[in-house]
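Protein chains in written order, with our numbering: chain W, 58 to 303; chain L, 58 to 303.
Backbone N, C-alpha and C fix where the C-beta goes; we use that ideal spot for every residue, glycine too.
In this text, all values refer to a predicted model and were calculated from it rather than measured experimentally.
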DNA sequence: TTTGTTAAGTGTTAATAAAACACTTTGATT
DNA sequence: AATCAAAGTGTTTTATTAACACTTAACAAA
C-alpha cells in the first residue's frame, strides 16, 4: 500500500425523496454523454443529484444549495446518512468516460457525503436548468451510475430507520393532511400494511399531531378531517432521556 | 461565495470507546507542540485518534488501520457515524499552529469522517508508538482540540441510539460476561438506572444471549453465571422486516 | 330525490410487555 | 459458625399491541 497523502475531491449527493400520496419517489438525473465530434449519444444512465462543495460552504450548505437549485425550495428537511469513498467506486467504463469528458482526473478520488431530503411532490415544481431531472418511483429504481445505487439504498435504509423513531413523516406531506394519507406514507415507506383502527389509536397519543376544524374538499366520498404537525408541541413534549425500557 | 472546486484532504477520526465494568472510557491522544528552536512546550491538549486516508484505502480500512496501530487488534466493531467539514472548524490558534508545524497548509480544508469503535478495555494493551494515548472516562471529557469535542458528542449520541436498537453492547464486554455486567453497561452508556428483575426478564427473551455452564471465579460473594453473545443465533433469528408497530 | 359509490370514522377483547417492588441463596472471608 | 456481598428469583398492576366489521358522510349519477 502506498502511504501517500492524497488530495481528494468532496462531493455532496442528495437523495431527494418525494411522496405523492401513493408511492415514494426519488429525484434522479438522466445523464447523457454526447460525443464531442460526432454529436452521437455515447450512453445515458441515471444518477443521484449531486455537486461539488464550494469554498466556504459547509456540507449541509452544499446539500441545501443542490436542493434549492433543483426545486427553488429552502429550509427543506436534510439529513446526512453517510460518507462513501471506496477506491473502486468510480471504475466502470461509463463513469471513467464521464469524468474525463467533464474535465476531471479519472484517477482522482472523490468522496461523496450523502444527504437525504424529504418533500411532498405536490409542493415541488422542478427547475430543469438544462438537466433532465425527474421523479422516479423508488420501487422501480434499479441500476444507477457510479456507486449511486448503493448510496440510494443506504439512504432508503436510513430513512426507514429514522421514520420508525422520529416524527419525520410530516416532511413528506403538505402542511395539512389526512390520517389516511399519513398511514399510507408509513405503509409505503416501510413496506408494510397497517390496521386503520390501530394506526389511529397509536397516532392519537401523539400530542404534536393537531386536528384542524377543516375537512377535505372535492372528494367523492365522506371528506376526511385535516391534521397538521406541530413542531412546537413536539419539541416541548419530547422526552429528553431515552425512554427505551430494557 | 467563490465557486471554486477545491482540493480537500480526507481524514478519518476514530472515537474508540472502552468499557471497564464501571464506566465508559474513550481513547484520546495528548497532543503536545514543542517549539523547534527553544524546545519549549508551546501547548498541550487532547484530540481524538485520527489519521489521513492512504491511496487505495477505503474509509473503513483507514479506521481499522488506526485502531490496529493503537491496539494491535483486528476485526473490531466499527461504525461510521458522520462526516464533518465546517469551513470554520480548524480556525482556532492552537489548531492553526499545529497544522503549520506538521507541514500542512492551514488554509486547506480537511473533511473528517468519524467512526466509533467498541472494546472491552481489559482486552486492550495500548501501543504507544511515541504518542501519548490514554483512556479517559467519557464523563470527564470536556474540551478537545479542533472540533473533536463535537465529533465526540456525535459519536456518543450515535452509540446510545445504536445500543437501544441493536445488540452491540456485547462488543464492549469480554467474550464471557455476567448479566450484572451487561446491565451496568446499559446503565452507564445510556445514563439510566435499570431494575434488576425487569432487566433479566427482558434479556431472557433474547435468544442470542447464551447461558454457559460456567461461573465467575475469585469473587467474595455468590459467583454469577457467565453468558456469551451468539452472532450466529442473532443473524438467524433477527426479523428481516421492521417490527415496529405503528 | 333517491340510490350507489367510496373512503372516513369508530370500540372491544385477548394477548403481550412494562413497571414497581423485597426477600432468599450462594460462595468466600474471617 | 458468622458475616459479607452480590446473585438470583415472582407477582401484581398497568399499558400497549393485535385482531377484527359495521356505520356514516359527501358526492355523483340516475
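C-beta contact flag for residue i and residue j at 8 Å
{"i": "residue 243 (chain L)", "j": "residue 266 (chain L)", "result": "no"}
{"i": "residue 103 (chain L)", "j": "residue 87 (chain L)", "result": "yes"}
{"i": "residue 174 (chain L)", "j": "residue 127 (chain L)", "result": "no"}
{"i": "residue 65 (chain L)", "j": "residue 161 (chain L)", "result": "no"}
{"i": "residue 90 (chain L)", "j": "residue 100 (chain L)", "result": "yes"}
{"i": "residue 75 (chain L)", "j": "residue 246 (chain L)", "result": "no"}
{"i": "residue 290 (chain L)", "j": "residue 264 (chain L)", "result": "yes"}
{"i": "residue 215 (chain W)", "j": "residue 286 (chain W)", "result": "no"}
{"i": "residue 196 (chain L)", "j": "residue 80 (chain L)", "result": "yes"}
{"i": "residue 260 (chain L)", "j": "residue 236 (chain L)", "result": "yes"}
{"i": "residue 134 (chain L)", "j": "residue 200 (chain L)", "result": "no"}
{"i": "residue 248 (chain L)", "j": "residue 239 (chain L)", "result": "no"}
{"i": "residue 52 (chain L)", "j": "residue 78 (chain L)", "result": "The requested residue 52 (chain L) does not occur in the structure, where chain L is confined to residues 58 to 303."}
{"i": "residue 269 (chain W)", "j": "residue 233 (chain W)", "result": "yes"}
Close-in-space but distant-in-sequence residues of the same chain around residue i (CB under 6 Å, 5 per side omitted)
{"i": "residue 109 (chain W)", "result": "68"}
{"i": "residue 85 (chain W)", "result": "103, 193"}
{"i": "residue 119 (chain L)", "result": "69, 110"}
{"i": "residue 141 (chain L)", "result": "169, 208"}
{"i": "residue 136 (chain W)", "result": "173"}
{"i": "residue 148 (chain W)", "result": "none"}
{"i": "residue 213 (chain W)", "result": "none"}
Alpha-carbon to alpha-carbon, residue j and residue i
{"i": "residue 203 (chain W)", "j": "residue 176 (chain W)", "result": "25 Å"}
{"i": "residue 178 (chain L)", "j": "residue 131 (chain W)", "result": "46 Å"}
{"i": "residue 293 (chain L)", "j": "residue 272 (chain L)", "result": "27 Å"}
{"i": "residue 255 (chain W)", "j": "residue 262 (chain W)", "result": "11 Å"}
{"i": "residue 224 (chain W)", "j": "residue 191 (chain L)", "result": "40 Å"}
{"i": "residue 311 (chain W)", "j": "residue 106 (chain W)", "result": "Outside the shown range of chain W (58 to 303) lies residue 311 (chain W), about which nothing can therefore be said."}
{"i": "residue 281 (chain W)", "j": "residue 171 (chain L)", "result": "46 Å"}
{"i": "residue 150 (chain W)", "j": "residue 94 (chain W)", "result": "19 Å"}
{"i": "residue 113 (chain W)", "j": "residue 163 (chain L)", "result": "14 Å"}
{"i": "residue 96 (chain W)", "j": "residue 189 (chain W)", "result": "18 Å"}
{"i": "residue 252 (chain W)", "j": "residue 296 (chain L)", "result": "20 Å"}
{"i": "residue 71 (chain W)", "j": "residue 231 (chain W)", "result": "21 Å"}
{"i": "residue 205 (chain L)", "j": "residue 73 (chain W)", "result": "30 Å"}
{"i": "residue 152 (chain L)", "j": "residue 185 (chain W)", "result": "43 Å"}
{"i": "residue 98 (chain W)", "j": "residue 144 (chain L)", "result": "40 Å"}
{"i": "residue 275 (chain W)", "j": "residue 288 (chain W)", "result": "29 Å"}
{"i": "residue 129 (chain W)", "j": "residue 146 (chain W)", "result": "31 Å"}
Contacts around residue i, its chain only, beta-carbon distance under 7 Å, and the 5 residues preceding and following it disregarded
{"i": "residue 250 (chain W)", "result": "244"}
{"i": "residue 277 (chain L)", "result": "none"}
Neighbourhood of residue i by C-beta distance below 8 Å, restricted to the same chain and skipping five residues each side
{"i": "residue 121 (chain L)", "result": "131, 133, 135"}
- With 9 Å as the C-beta to C-beta threshold (strictly closer), list the residues of the stretch 127-160 of chain W near chain L in chain order. 137, 139, 140, 141, 142, 143, 144, 145
- Residues of the stretch 236-252 of chain W whose Cβ lies closer than 8 Å to any Cβ of chain L, in chain order: 243, 247, 248, 249, 251
- Output, in sequence order along the chain, the residues in the stretch 183-211 of chain L whose CB is closer than 9 Å to any CB in chain W. none
- Item | Proximal residues, the stretch 166-182 of chain W versus chain L, C-beta separation under 7 Å | 168, 170
- Item | the stretch 219-238 of chain W / the stretch 151-159 of chain W touching (three or more Cβ pairs under 8 Å) | no
- Item | chain W contacts made by the stretch 105-125 of chain L, where a contact means CB separation under 8 Å | 109, 110, 111, 112, 113, 114, 115, 116
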